[in-house]
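Residues in the sequence shown are numbered from 1213 upward in steps of one, following our numbering.
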Amino acid sequence: MDKAKNVLICGASSGIGLETAKVFLSNGYTVYSTSRRKPPIDSDKLIHYTSDFYNNDSIAGSCRQILEDSRGEISIVINCVGDILHEETIKDFTGTQLLNTFQINFFSSFVLSQHLFDIIANNKGCFAFVSSVAKDKVYPLISDYCAAKASLSNFIKSLAIELAPHGARAVAVSPAVVATPLFEKSNFTKEQAESFHKLNRIGNPEEIADLLYYLTSSKGKWITGTDYLIDGGMLL
Ligand SMILES: NC(=O)c1ccc[n+]([C@@H]2O[C@H](COP(=O)([O-])OP(=O)(O)OC[C@H]3O[C@@H](n4cnc5c(N)ncnc54)[C@H](OP(=O)(O)O)[C@@H]3O)[C@@H](O)[C@H]2O)c1
């Protein structure tokens, strides 16, 4: 199922995606990466494509180029792209704000799946998406992000059903607070965030990367349509 050892990681320039790229590189994979910035990794086994996931043509263009350059030998696609863009009450969100949040946290994953469905099906591969505890536990002022992540977590079930006849899979992971640049721009101190978790600490991006590696590699080959909570006990 993964003879070529080629993985596409979207959003590998920072945080969870960056650590995921490092885990795959250390396991002998060639990593194809997309994001607006280049990942800070010095390796000739990392091949980067500049892509803006606000723009569906940009997603399509990078998928086309990666399929050509890898000769269709990608069997794992991991999308880590996501962002919390605004904090507003429901009444105050504008239509543009809502569309941007859904584009970056959900629609881009849908579009990516459309472009790469055939290759993952043919290679009996696996898609993985990074959702969030926010799909279940809602927070004030980010109702847009919570709803978009709930959509993403729901979508992987439909994707898993359509992939299953081909022997291919789709999974998601849903972390609580993880120490990345996304968390650093939040209004919470580290101590406040730690107190939200029963294990009294926030997660490391390496921990999410290891779970993504397990789920998408052959070790996870009987897992599909599942969204894995990795939350330090937040939802207990
Ligand atoms: N950190 C947390 O506490 C936490 C908790 C639960 C879920 N998550 C989810 O985990 C995922 C990774 O987040 P992170 O914490 O690792 O955040 P991060 O360090 O900010 O990384 C986000 C990644 O997404 C990419 N990205 C953002 N906007 C993009 C765009 N328009 N086009 C292309 N790429 C774009 C960024 O690349 P460029 O800026 O270079 O384009 C970057 O590589 C997200 O889906 C997030 O919602 C995070």
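By construction, the Cβ of each residue, glycine as well, lies at the ideal position given by its N, Cα and C atoms. Bear in mind the structure is a predicted one, so any value in this text is a computation, not a measurement.
Residue i burial status per 10 Å Cβ neighbour count (16 or more: buried)
| i | result |
| --- | --- |
| Ser1320 | buried |
| Tyr1241 | buried |
| Tyr1351 | exposed |
| Ser1343 | buried |
| Pro1251 | buried |
| Gly1294 | buried |
| Asp1254 | exposed |
| Thr1232 | buried |
| Asp1256 | exposed |
Spatially closest choice to residue i from the options, by CA coordinates
| i | options | result |
| --- | --- | --- |
| Ala1216 | Glu1231, Cys1222, Asn1239 | Asn1239 |
| Ala1346 | His1378, Leu1371, Ser1386, Gly1307 | Ser1386 |
| Lys1349 | Gly1294, Ser1430, Gly1445 | Gly1445 |
| Trp1434 | Ala1382, Arg1413, Lys1410 | Ala1382 |
| Leu1220 | Asp1254, Ile1253, His1260, Lys1361 | His1260 |
| Lys1369 | Leu1394, Ser1398, Cys1338 | Cys1338 |
| Leu1364 | Leu1310, Glu1396, Leu1441, Ala1384 | Ala1384 |
**Asked** Within the chosen definition, does the stretch 1224-1238 reach the stretch 1268-1282 through at least 3 CB pairs nearer than 8 Å?
**Response** Short answer: they don't touch.
**Request:** Evaluate contact between the stretch 1312-1319 and the stretch 1256-1272, counting only Cβ atoms and requiring at least three cross-stretch pairs below 8 Å.
**Result:** The answer is yes - the stretch 1256-1272 touches the stretch 1312-1319, with three or more Cβ pairs under 8 Å.
**Message:** Can you confirm whether the stretch 1293-1309 touches the stretch 1354-1365 when touching is taken to mean that 3 or more C-beta pairs between the two stretches lie within less than 8 Å?
**Reply:** Between the stretch 1354-1365 and the stretch 1293-1309, the count of C-beta pairs closer than 8 Å reaches three or more; the two stretches touch.
**Message:** Can you confirm whether the stretch 1286-1293 touches the stretch 1324-1334 when touching is taken to mean that 3 or more C-beta pairs between the two stretches lie within less than 8 Å?
**Reply:** Cβ pair count under 8 Å is three or more, so yes.
**Asked** Is the number of C-beta pairs between the stretch 1378-1396 and the stretch 1410-1418 that are closer than 8 Å three or more?
**Response** Contact between the stretch 1378-1396 and the stretch 1410-1418 is established, with three or more Cβ pairs separated by less than 8 Å.
**Item:** Length at least 3, wholly inside the stretch 1287-1339: the beta strand (DSSP E) runs in chain order
**Value:** Qualifying beta strand (DSSP E) stretches, in chain order: 1288-1291.
**Request:** Please specify which runs of the beta strand (DSSP E), each continuous and at least 3 residues long, are wholly inside the stretch 1214-1254, giving them in chain order.
**Result:** Counting only runs of 3 or more, we get 1218-1222, 1242-1247.
**Item:** Any alpha helix (DSSP H) of 4 or more consecutive residues that is wholly inside the stretch 1324-1412
**Value:** For the stretch 1324-1412, whole alpha helix (DSSP H) runs of length 4 or above, ordered along the chain, are 1355-1375, 1393-1396, 1402-1407.
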